[in-house]
Amino acid sequence: MRPFVTATPLRVAGILFERCGFDLRAARSCAAVAGGIGRLAPGLTLAVALACGGAARAPGSVAALDLVVVTAQAPSDAERYCAWYGTQRGGILYFGQSAFWSALRTHGGDPTADLLAPGPQRIGRFDLASETLLAPLEVGEPGDRSGVWDVAMGADGWLYFTRFFESAGRVDPVSGRVESLASLGPALNELAPGPDGTLLASRYGSGGSGAEDGSVIAFDGRGRIVAEWPLAMPGDLRVAPKSVAWDTARRELWVTADLLPRESGAAVRHAAFVLDRDGALLQRIEIPEIQFVTQRSDGALLRAEVDASALTLRITPPPGVSDGIRAILLDADFPAAFDFVQDMQEAADGRVVVTRWSGRVHIVERNGRISTARLPRIDPQGIYYTAVLRGDRLCASYCADVTVVCIDAPR
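Residue numbers (the working numbering): 42 to 452.
Below is the structure:
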């Protein structure tokens with residue numbers, strides 16, 4: 042089923058082109074961020090890196106020293122799928138699979154190119170203990186075209202997913218039973234826990250052909266929207282929400298968004314919005330650029346912020362906690378034109394994993410101590426989405442075919 046097709050260029054694609062330098066004519070790529078093979082994980086030799094790169098597109102895995110690269114059999118002969126946003130539960134890394142980026146590049150930057158060919162809708166499963174891929178969860182119907190974007194585990198044990206161009210849904214990870222959540226409407230992008238046991242989803246525009254503002258919804262497991270927060274900017278800017286987070290301690294909604302000019306040629310801006318439970322605007326923040334927001338299990342709010350060349354993790358404790366706001370410098374030379382904080386995940390022991398497109402992953406302990414891993418750039422057009430920890434192993438979904446990369450976590 043194809044409930045809608047957007048005719049408005051998806052600036053999600055434009056932002057990546059802008060930041061990563063994906064220019065089809067100049068054939069540039071994000072490889073400059075990683076600085077080449079010589080900046081791979083410590084101890085990894087050039088020969089090993091070349092061996093892994095040469096085998097990266099073949100099904101199976103390549104292991105050397107602390108590096109494991111596992112690539113699934115290609116889901117389709119017509120499109121090149123890759124691994125997207127992920128979430129960890131019960132020792133399994135679940136992640137979306139989508140051909141969005143490869144279709145966009147193949148068809149000259151057309152952000153709707155993923156709709157040109159039907160293909161499977163799959164959620165990948167990676168066993169973090171054995172570091173092997175399991176059979177994926179099939180969540181689509183014959184004729185579906187849009188891949189899976191984000192996934193999130195609900196409090197009810199169902200795994201929820203978005204597909205942007207087609208309806209969202211949920212799947213029972215045990216039985217494989219799939220239920221459509223078409224009642225939520227189109228253009229759903231990123232997911233996060235919401236108030237009172239709900240889930241949040243950002244709506245990146247309306248999904249129609251116009252230049253409408255987006256919104257954030259909170260919905261329950263039956264596919265009912267229980268709250269919706271519209272977003273708008275004065276003037277000629279359209280608000281397209283991306284990452285969302287619910288501050289349970291203050292009952293506030295945080296939203297990062299692209300500010301898209303309604304007229305072509307103007308620059309894209311970025312902002313974070315803070316709303317109360319009733320939708321009243323409390324703050325709009327453009328400087329620093331807040332790239333991702335999440336809440337830790339102890340109630341602290343975590344924000345990845347970029348100001349000039351500094352990447353900082355700002356930790357705001359819940360009300361009544363005396364240690365105050367902490368700002369932890371992650372990178373004093375952050376290449377903001379080429380890199381981006383794509384996800385933040387909390388490990389079982391409280392460590393926070395900050396994943397960047399480039400494969401630089403920051404691990405922040407509760408005492409503020411940080412360490413940084415450098416995952417290999419096997420594919421010059423690949424980007425990392427979600428990294429998670431299991432003990433002393435770090436594994437990340439890699440948008441370069443359906444790939445997961447694991448290394449020993451630095452200490």
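We put the CB at the ideal spot given by N, CA and C, even for glycine.
Contacting residues, own chain, Cβ-Cβ under 6 Å from residue i (five flanking each side not counted)
i	result
A388	L430
T1	In the structure displayed, the chain extends from 42 to 452; residue 1 sits before or after that span and is not available.
A82	For A82, the pLDDT reaches just 28, beneath the cut-off of 50, and the residue's location in the model is therefore unreliable, although a value from the coordinates is still provided. Correct list, in chain order: R415 and I448.
A286	A233, W295, V334, T335 and Q336
T86	Residue confidence is low: T86 scores 26 on pLDDT, short of 50, so the model does not pin down where it sits. Its coordinate-derived value is still stated next. Contacts found: none.
R66	Only weak support exists for where R66 lies, its pLDDT of 23 falling under 50; the coordinates are left without a value.
Inter-residue spacing [alpha-carbon to alpha-carbon] between residue i and residue j
i	j	result
V443	V382	20 Å
Q386	R434	14 Å
R166	G276	44 Å
P161	S256	28 Å
D155	V362	47 Å
A321	I419	45 Å
S284	L294	11 Å
L41	V347	Outside the shown range of the chain (42 to 452) lies residue 41, about which nothing can therefore be said.
G210	D339	29 Å
I266	V219	19 Å
R43	D185	Because the pLDDT of R43 is 26, which lies under 50, any placement of that residue in the model is unreliable, and the number read from its coordinates should be weighed accordingly. Computed Cα separation, rounded: 7 Å.
T4	F141	Nothing about residue 4 can be reported from this structure: the residues present for the chain run from 42 to 452 only.
L175	A193	18 Å
V189	P116	13 Å
E207	R163	13 Å
Q332	D118	34 Å
A373	L352	6 Å
A345	L323	19 Å
G217	Y201	12 Å
P183	S221	14 Å
Pair within 8 Å by beta-carbon distance, residue i and residue j
i	j	result
T203	D191	yes
L169	I133	yes
A450	I411	no
T239	A223	no
W270	L316	yes
V111	V394	no
G423	I369	no
L272	D254	yes
A124	Q138	yes
Cβ neighbours of residue i in the same chain (closer than 7 Å, five flanking residues each side left out)
i	result
I326	A312 and A313
D151	L145
Cβ shell of residue i (< 8 Å), same chain only, five flanking positions each side left out
i	result
T396	V382, Q383, D384, M385, Q386, V402, Y425, Y426, T427, A428 and A437
A308	P302
R392	I404, V405, E406, R407 and L430
N230	V53, W190, D191, T203, F205, A242, S243, R244, Y245, P282 and K283
Endpoints, the beta strand (DSSP E) within which residue i is located
i	result
A389	No beta strand (DSSP E) contains A389, which DSSP labels as neither H nor E.
W142	Element bounds for W142: not the beta strand (DSSP E) but the alpha helix (DSSP H), F141 to T147.
E261	The identity of residue 261 in the sequence shown is Asp, whereas the question assumes Glu. Note, D261: premise wrong, no beta strand (DSSP E); not H, not E.
T173	T173 to E179
R166	R163 to D168
E346	L342 to D348
T203	L200 to R204
D372	R367 to D372
T427	I424 to R431
R310	R310 to D317
W295	E293 to P302
R355	A351 to T357
R401	R401 to V405
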